[in-house]
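Enquirer: Mind having a look at this structure? Questions to follow.
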């Protein structure tokens, strides 16, 4: 005679296992459970045979830069996302920029921007004589300058007014100051100088 099987999977699992797990019922209530009260310190006694499934949620947003709480709400999260995107663009073009700077095609400016080095200043060699290659270098310079300018404005808006010179040195002039030996830089008087 056949007997009805209530839960065939449970029967198979129990036959092949020496451990029996009884899952407590899950209740979703707006009121806090004893386990939740215990987590936040309202309840002193330990809840026996209970499971707690929770998620964290904050009413204020972390601004990610200064370590504080964001005040402006959604706008801050949008700015923070853009901050990471713009930083990623700079990182993405890091290798080609380094290559063009070493080939004396692009140079760092005192203003924090990448500039094409004029052929009269640094004569082109090899593939860098090709106008298409120079157009690519100019396009990369443009693509890198855009996020550099945005990052500078982002940091200058979020900093006290008395730190504007520090921000300029940190986010604009650092590229100029980090130029390697043999590369060209455009100084504050718009003169091309070769780093020694």
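Residue numbers (our numbering): 1134 to 1329.
C-beta atoms are modelled at their ideal positions from N, C-alpha and C, and glycine is treated no differently.
Predicted model, so just to flag it, every value in this text is computed and none were measured.
Quick one: Cα of residue 1198 to Cα of residue 1299, how far?
Expert: Taking the chain shown and counting its residues from 1, one reaches residue 1198 at position 65. Taking the chain shown and counting its residues from 1, one reaches residue 1299 at position 166. Because the pLDDT at residue 1198 is just 46, under 50, the model does not fix this residue reliably, and the point stays unresolved.
Enquirer: Should residue 1218 be labelled buried (16 or more other beta-carbon atoms within 10 Å of its own) or exposed?
Expert: Locating residue 1218 in the chain shown gives position 85, where the first residue counts as 1. Burial call: exposed.
Enquirer: My output table needs one value for residue 1315: the three-state DSSP class, helix, strand or coil.
Expert: Locating residue 1315 in the chain shown gives position 182, where the first residue counts as 1. Three-state result, residue 1315: coil.
Enquirer: Do the CB positions of residue 1325 and residue 1240 come within less than 8 Å of each other?
Expert: Counting from 1 along the chain shown, the entry for residue 1325 is found at position 192. Counting from 1 along the chain shown, the entry for residue 1240 is found at position 107. Contact flag set, yes.
Enquirer: On the DSSP letters alone, give me the boundaries of the beta strand (DSSP E) that residue 1249 sits inside.
Expert: Within the chain shown, residue 1249 is the residue found at index 116, counting from 1. Where residue 1249 is concerned, the enclosing beta strand (DSSP E) stretches over 1247-1249.
Enquirer: If we ignore side chains and look at the alpha-carbon of each, how far apart do residue 1286 and residue 1261 end up?
Expert: Position 153 of the chain shown holds residue 1286. Position 128 of the chain shown holds residue 1261. So the alpha carbons of these two residues sit roughly 33 Å apart.
Enquirer: On the criterion of 16 or more Cβ atoms from any shown chain inside 10 Å, does residue 1280 qualify as buried, or is it exposed?
Expert: Counting from 1 along the chain shown, the entry for residue 1280 is found at position 147. Buried: at least 16 other Cβ atoms inside 10 Å.
Enquirer: Throw me the rounded Cβ distance for the residue 1316 and residue 1235 pair, which I believe falls under 8 Å.
Expert: Here residue 1316 corresponds to residue number 183 of the chain shown, with the count starting at 1. Here residue 1235 corresponds to residue number 102 of the chain shown, with the count starting at 1. With a Cβ gap of about 7 Å, residue 1316 and residue 1235 count as contacting.
Enquirer: Let me confirm a value: residue 1308 is counted as buried when at least 16 other C-beta atoms fall within 10 Å, else exposed. Which label applies?
Expert: Along the chain shown, read from residue 1 onward, the residue named residue 1308 stands at position 175. Buried is the call here.
Enquirer: Count the other C-beta atoms from every protein chain shown that fall within 10 angstroms of the C-beta of residue 1221, then say buried if there are 16 or more, exposed otherwise.
Expert: On the chain shown, position 88 is the one that residue 1221 refers to. Per the 10 Å Cβ criterion, exposed.
Enquirer: May I ask you to report which of helix, strand or coil DSSP gives residue 1326?
Expert: Here residue 1326 refers to the residue found at position 193 of the chain shown. Correct three-state label for residue 1326: strand.
Enquirer: What do you reckon, are the CB atoms on residue 1238 and residue 1277 nearer than 8 Å?
Expert: Locating residue 1238 in the chain shown gives position 105, counting from the first residue. Locating residue 1277 in the chain shown gives position 144, counting from the first residue. Not in contact: residue 1238 and residue 1277 (Cβ atoms no closer than 8 Å).
Enquirer: Alpha carbon to alpha carbon, how far is residue 1301 from residue 1293? Give it in angstroms, no decimals.
Expert: Residue 1293 sits at position 160 when you count from the first residue of the chain shown. Residue 1301 sits at position 168 when you count from the first residue of the chain shown. Whole-angstrom Cα-Cα distance: 13 Å.
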